[in-house]
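K.L.:
Just so you know, we're using our numbering here: the sequence shown kicks off at 232 and counts up by one.
Backbone N, C-alpha and C fix where the C-beta goes; we use that ideal spot for every residue, glycine too.
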Amino acid sequence: MPSREQSWSSESYRRDAGFVSELGAEVLGWLAPRPGERILDLGCGDGALTARLAEAGSEVVGIDMSADFLAAARARGLDARRINGEELEFDAEFDAVFSNAAMHWMLDQDRVIAGVAAALKPGGRFVGEFGGHGNVAAIVTALTSVARRYGLDEHLAHPWVFPTPGEHEARLRAGGFTVRRIALIPRPTPLKTGMRAWLEIFRKPMFEQLPPSKRGALLDEVCDLLRPGLCDDAGNWTADYVRLRFEAVRG
Ligand code: BEZ
Numbered sequence: 232m233p234s235r236e237q238s239w240s241s242e243s244y245r246r247d248a249g250f251v252s253e254l255g256a257e258v259l260g261w262l263a264p265r266p267g268e269r270i271l272d273l274g275c276g277d278g279a280l281t282a283r284l285a286e287a288g289s290e291v292v293g294i295d296m297s298a299d300f301l302a303a304a305r306a307r308g309l310d311a312r313r314i315n316g317e318e319l320e321f322d323a324e325f326d327a328v329f330s331n332a333a334m335h336w337m338l339d340q341d342r343v344i345a346g347v348a349a350a351l352k353p354g355g356r357f358v359g360e361f362g363g364h365g366n367v368a369a370i371v372t373a374l375t376s377v378a379r380r381y382g383l384d385e386h387l388a389h390p391w392v393f394p395t396p397g398e399h400e401a402r403l404r405a406g407g408f409t410v411r412r413i414a415l416i417p418r419p420t421p422l423k424t425g426m427r428a429w430l431e432i433f434r435k436p437m438f439e440q441l442p443p444s445k446r447g448a449l450l451d452e453v454c455d456l457l458r459p460g461l462c463d464d465a466g467n468w469t470a471d472y473v474r475l476r477f478e479a480v481r482g
């Protein structure tokens with residue numbers, strides 16, 4: 232899903248973050264893919280949702296920058312290519328561009344939107360969902376707090392873009408899109424395998440700033456800070472996700 236090269240294990244992602252694609256069903260509904268449409272899946276990950284598009288009869292191209300994700304997507308028989316979402320070079324060949332849980336990794340959103348506009352045929356749809364303003368706010372606060380305490384790189388505590396609907400709509404309009412609908416959707420998300428597993432998957436580079444012998448204590452400290460707000464008495468964790476979902480059309 233990230234635009235720059237990152238190392239992801241599709242196996243641990245499926246185990247600890249499989250909910251990401253499971254919860255993508257609603258944004259797929261906003262896309263409403265039609266048989267025969269040519270669709271680009273921007274940040275396809277392991278291809279779980281890309282496969283759903285193919286099953287709906289679309290001709291799908293998935294792009295991602297993680298070698299492990301691309302291998303998993305190709306193992307599903309998908310056309311998955313190693314392309315950076317900030318450097319798209321398609322020319323008016325898609326009926327729709329779809330993206331789930333990927334755009335928050337793409338820091339230069341204007342370039343992403345310009346590349347998507349160029350990739351779409353006139354009238355083509357751009358439908359997506361990613362982290363919106365306030366997403367994982369408690370987690371970001373805890374990570375920033377420990378980054379400051381231990382003199383770590385604060386950018387690694389919050390390397391994402393989580394825009395407000397107003398900010399995203401303004402970018403889409405500037406990029407030549409008409410926005411049909413856009414919504415910020417708070418979605419507290421149960422973490423079946425806990426907060427520590429989530430942190431290890433999504434914020435590995437933050438913890439890798441420390442020698443291996445010290446990482447466990449740092450993870451414990453972050454979990455301790457988060458426990459009062461995000462963990463119930465039975466030990467069940469919930470992440471404070473907020474999604475930004477949108478449907479736009481290229482003019
Ligand atoms: C998200 O899907 O909202 C997300 C993923 C990784 C880190 C933060 C948020």
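1) When you compare only the Cα positions, how much space is there between Asp471 and Gly482?
2) The ligand ATP and Gly362: does any heavy atom of the ligand fall closer than 7 Å to the residue's C-beta?
3) Decide yes or no for the touch test of the stretch 302-322 against the stretch 368-375: beta carbon pairs closer than 8 Å, at least 3 of them.
4) Would you say Val473 and Pro417 are within 8 Å of each other, going by their C-beta atoms?
5) Helix, strand or coil for Ile370 per DSSP?
6) Out of curiosity, what's the CA-to-CA distance linking Gly447 and Arg427?
7) Ala332: beta carbon under 7 Å from a heavy atom of the ligand BEZ?
8) Am I right that Glu360 and Val258 are in contact with their C-beta atoms under 8 Å? What's the rounded C-beta distance?
9) Under 8 Å, do Ser241 and Phe300 count as touching if we go by C-beta distance?
10) Run the CB neighbour count on Pro394, radius 10 Å, all protein chains shown included, and call it buried at 16 or more, exposed below.
11) If I follow the unbroken alpha helix (DSSP H) through Thr395, where does it start and stop?
12) According to DSSP, is Thr424 part of a helix, a strand, or is it coil?
P.N.:
This is what the structure holds:
1) 35 Å
2) The model depicted lacks the ligand ATP and carries the ligand BEZ instead.
3) no
4) yes
5) helix
6) 10 Å
7) yes
8) 4 Å
9) yes
10) buried
11) Counting along the chain, Thr395 falls outside any alpha helix (DSSP H), and DSSP gives it neither H nor E.
12) coil
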